[in-house]
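To keep things clear, I will list the structure first and then write my remarks on it.
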Amino acid sequence: MIAAFNVWLQVPQDELLAITKVIGMLHSASLLIDDVEDDSVLRRGVPAAHHLFGLPQTINCANYVYFLALDEIIKLKNPEMVKIYTEELVNLHRGQGMELYWRDTATCPTEEEFIEMVDNKTGGLLRLAVKLMQAASTSKQDYTGLVSKIGIHFQVRDDYMNLQSQQYADNKGFCEDLTEGKFSFPIIHSIRSDPNNRQLLNILKKRSDSLEIKQYALQLLERTGTFDYCRKFLANIEVEARKEIEQLGGNSKLEKIMDMLSIPV
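Residue numbers (our numbering): 1 to 265.
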């Protein structure tokens, strides 16, 4: 993604390498914390770090990396970058806090609230990368609107694939979002499409590992037309993102990324 936006921004090589390193560090650290907060069993097909090294070491390691990354930004001697870093980390934690609150109180958000959360959480890391690049670039073009669209597309696609993809099942476990009690995009749509049917909400509350219960939850999602709705939503936001890419002058690398993320309707 960084290489794709650099087609437009042409960031000096030393700063680009530093930004790439920082984003990689933050991504890894945030996954450690995410797995702790969700009590995920697997990450990329292997046991999650906190199951191997324990909660204290995992949390400390992730927090340590946040500050190592900040130190890398400070070395670039650009005060605007430090401000961007802290602002977007605040957004990331705010978004994560919203998601945890919904899960822990069994509160189903609206689609609009979900999009706001995603823009803070998933979009936040992408936006951080691009805003750091913009601060290092001579270009005055603002790409954050496009970044938000890509971030929303990425998260909704991830939520969809968690419930539909065998590869996701192999890497994280079958329909792991159901076990986590997570109000993902498909879950929110299904619950709000049939508010009188509390079965899906009760399944989320149980956070069950049962294969049979998860398969029944998928049947409930099918009945509300949720997977069709997700595919159409993704197709629409993909069209919007591609249109914006074209308006910004075209970018073959970004278009290839959109090709890889595309889900047939």
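All C-beta atoms, glycine included, are put in the ideal place defined by N, C-alpha and C.
If you run the structure through DSSP and keep just helix, strand and coil, what is residue 94? The sequence position of residue 94 within the sequence shown is 94, counting from 1. Residue 94: helix per DSSP, three-state reduction.
Burial state of residue 270 (16 or more Cβ within 10 Å): Shown here, the chain extends from 1 to 265; a query on residue 270 therefore has no answer.
So the alpha helix (DSSP H) residue 134 belongs to, where does it begin and stop? Here residue 134 corresponds to residue number 134 of the sequence shown, with the count starting at 1. Segment 122-136, the alpha helix (DSSP H) holding residue 134.
Within 10 Å of its beta-carbon, does residue 39 have 16 or more other beta-carbons around it, so buried, or fewer, so exposed? For the purposes of this step, residue 39 is identified with residue 39 of the sequence shown, where counting begins at 1. Label assigned to residue 39: exposed.
Near residue 245, what residues of its chain come up, given a Cβ to Cβ distance below 8 angstroms and the 5 sequence neighbours on each side ignored? As a working note, residue 245 is residue 245 in the sequence shown. Non-local beta-carbon contacts of residue 245 in its own chain, meaning distances under 8 angstroms to residues more than five positions away in sequence, involve 146, 251, 254, 255, 258 in chain order.
Secondary structure at residue 46, three-state DSSP: helix, strand or coil? Counting from 1 along the sequence shown, the entry for residue 46 is found at position 46. Here residue 46 sits in strand by DSSP.
Which residue's Cα is closest to the Cα of residue 31: 19, 20, 21, 44? The sequence position of residue 31 within the sequence shown is 31, counting from 1. Distances from the alpha-carbon of residue 31 to those of 19, 20, 21, 44 put 44 closest.
Sort 216, 24, 135, 107 by Cα distance to residue 182 and report the nearest one. Mapped onto the sequence shown, residue 182 falls at position 182. Nearest of 216, 24, 135, 107 to residue 182, Cα basis: 107.
Of the residues 163, 237, 240, 214, the one placed nearest residue 226, counting alpha carbons only: Taking the sequence shown and counting its residues from 1, the one referred to as residue 226 is at position 226. Nearest C-alpha to residue 226: 163.
Take the Cβ of residue 52 as the centre, count every other Cβ of all protein chains shown within 10 Å, and call the residue buried at 16 or more, exposed below. Start at 1 with the first residue of the sequence shown, and residue 52 comes out as number 52. So residue 52 counts as exposed.
Cβ separation of residue 6 and residue 17, assumed to be a contact under 8 angstroms, to the nearest whole Å: Start at 1 with the first residue of the sequence shown, and residue 6 comes out as number 6. Start at 1 with the first residue of the sequence shown, and residue 17 comes out as number 17. The Cβ separation is near 11 angstroms, so there is no contact.
Can you list, in chain order, the residues of its chain with a C-beta nearer than 6 angstroms to that of residue 2? Leave out the 5 residues immediately preceding and following it. For the purposes of this step, residue 2 is identified with residue 2 of the sequence shown, where counting begins at 1. Excluding positions up to five away in sequence, the list reads 20, 129.
Which residue marks the beginning of the alpha helix (DSSP H) containing residue 197, and which one marks its end? Mapped onto the sequence shown, residue 197 falls at position 197. Segment: none, residue 197 is in no alpha helix (DSSP H) and carries neither H nor E.
Flag this pair as yes or no: are the beta carbons of residue 261 and residue 174 separated by less than 8 angstroms? The residue you call residue 261 lines up with position 261 of the sequence shown. The residue you call residue 174 lines up with position 174 of the sequence shown. No. Outside cutoff.
Taking all protein chains shown into account, decide if residue 134 is buried (16 or more other Cβ within 10 angstroms of its Cβ) or exposed. As a position in the sequence shown, residue 134 is number 134, starting the count at 1. Its Cβ being crowded by 16 or more others within 10 Å, residue 134 is buried.
Under a three-way DSSP split, which group does residue 175 fall into? As a first step, residue 175 is located in the sequence shown; it is residue number 175 there, counting from the start. Residue state, collapsed to three classes: coil.
Any idea what DSSP makes of residue 6, helix, strand or coil? Residue numbering aside, residue 6 sits at position 6 when the sequence shown is read from its first letter. The answer is helix: DSSP assigns residue 6 an H, G or I state.
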